[in-house]
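Q: I am attaching a structure below and will ask some questions about it afterwards.
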Amino acid sequence: MSDPRPRAIASLPELRAAIAALRRAGKRIGFVPTMGALHEGHLSLVRASKAECAATAVSIYVNPRQFGPNEDFSKYPRTLEADLELLAGCGADLVFTPQDADVYPPGFASWVEVGAVAEPLEGQFRPGHFRGVATVVLKLFNLVQPDAAYFGRKDYQQAAVIRRMVADLHVPVEIRVCPTVREPDGLAMSSRNRYLSPSARQRALVLWKSLERAGEMVAEGERDAEKILREMRRIILAAEDARIDYVAIVDPDTLQPVETVQKSALAILAVKIENTRLIDNRMLGESGE
Ligand code: PAF
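Following my numbering, the numbering of the sequence shown begins with 1 at its first residue and continues without gaps.
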């Protein structure tokens with residue numbers, strides 16, 4: 001017998017009633033916001049929540065306002081039935097699957113705009129993306145009212161943006177950032193990996209290979225960020241049809257580029273393979289993985 005499916009809730013009044021019942025029962029609520037097409041990375045966040053919270057809520061909502069006009073919103077994988085099965089398997093208590101009209105009521109005109117940490121890297125290549133992410137995440141926090149929320153480290157800048165928003169706007173939610181879950185060969189798990197053809201899936205390994213090589217170079221004593229970046233670009237561009245949006249070595253807090261790798265730095269990249277845009281990152285130096 002498979003585990004019972006978690007309760008799937010689409011309507012706001014039903015969600016409010018379910019959250020109020022959990023609160024009345026004095027339960028600590030953990031929350032995992034997702035866009036569905038779930039994989040082991042998401043499930044690791046559910047497990048982290050379950051380890052710390054008496055109730056775990058998951059949202060599945062492909063947020064149109066965080067996609068640019070030429071991005072993959074319409075083809076983003078939507079796999080609700082399979083997602084609910086996976087969530088049953090790891091014991092999520094409640095799944096919120098809102099409709100666009102509830103998330104963005106008629107006349108919607110209020111946005112969350114996070115400053116400096118949202119500007120470089122993804123901010124440059126996906127204008128408006130973090131405005132959409134911060135806005136929907138704040139809305140989801142207001143609806144679900146969690147005590148803690150769980151995000152993956154693969155989306156390093158997203159987690160930094162959400163931390164900034166929560167601190168700046170006094171949002172009473174603890175933000176937990178959990179390790180990136182990787183395939184055995186190192187590819188970071190991502191809902192977008194399913195777009196890759198088998199041969200592109202192989203070529204996509206250059207992302208992790210370049211990050212690993214950066215880690216090795218720092219371990220061997222290299223401190224010059226430009227030298228490390230040259231080597232990373234060489235590894236990535238050896239893959240046929242790889243196109244680099246950015247490869248950068250940055251301060252892990254400010255996300256500004258560093259010239260020299262001091263105690264710790266973050267190598268971070270976004271690369272298109274066969275038109276699928278993949279992101280990944282790795283800490284370098286003392287706090288390296
Ligand atoms: O990381 C994601 O899946 C999305 O950006 C999030 C946090 C669910 C907001 O839509």
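For every residue, glycine included, the Cβ atom is placed at its ideal position computed from N, Cα and C.
Below 7 angstroms CB to CB, which residues in the same chain sit around residue 90 once its five sequence neighbours on both sides are set aside?
A: So the qualifying residues of the chain are 43, 46, 47.
Q: Suppose contacts are defined by Cβ-Cβ distances below 8 angstroms. Is residue 67 in contact with residue 149 by that definition?
A: Taking 8 angstroms as the Cβ cut-off, residue 67 and residue 149 do not qualify as a contacting pair.
Q: Under 8 angstroms, do residue 235 and residue 209 count as touching if we go by C-beta distance?
A: Going by C-beta atoms, residue 235 is nearer than 8 angstroms to residue 209.
Q: State buried or exposed for residue 17, treating a residue as buried only when at least 16 other CB atoms are found within 10 Å of its CB.
A: Exposed, because fewer than 16 other Cβ atoms sit within 10 Å of the Cβ of residue 17.
Q: From which residue to which residue does the beta strand (DSSP E) around residue 281 run?
A: From DSSP, the beta strand (DSSP E) with residue 281 extends over 276-285.
Q: Going by CA-CA distance only, name the one from 14, 39, 5, 25 that's closest to residue 181.
A: Looking at the Cα atoms, 39 is the closest of the given residues.
Q: So who's on the other strand from residue 104, going by DSSP bridges?
A: For residue 104, which the question treats as bridged, DSSP gives no partner whatsoever.
Q: How many Å lie between residue 108 and residue 136 at the Cα?
A: Those two C-alpha atoms are separated by around 12 angstroms.
Q: What are the start and end residues of the alpha helix (DSSP H) that includes residue 88?
A: 80-89 is the span of the alpha helix (DSSP H), which, as asked, contains residue 88.
Q: Where do the ends of the alpha helix (DSSP H) carrying residue 141 lie?
A: Where residue 141 is concerned, the enclosing alpha helix (DSSP H) stretches over 129-144.
Q: Tell whether a beta-carbon distance below 8 angstroms holds between residue 87 and residue 246.
A: No, the pair does not count as a contact, with Cβ atoms beyond the cut-off.
Q: Taking the alpha carbon of residue 183 as the point to measure from, which residue in 110, 174, 173, 194 has its own alpha carbon closest?
A: Checking every option, the nearest Cα to that of residue 183 belongs to 194.
Q: What first and last residue would you give for the alpha helix (DSSP H) that runs through residue 52?
A: Per DSSP, residue 52 belongs to the alpha helix (DSSP H) from 40-52.
Q: Indicate the three-state DSSP secondary structure (helix, strand or coil) for residue 61 in the structure shown.
A: It is coil, neither helix nor strand.
Q: Any heavy atom of ligand 1 closer than 7 angstroms to the CB of residue 33?
A: Yes, the Cβ of residue 33 comes within 7 angstroms of a heavy atom of ligand 1.
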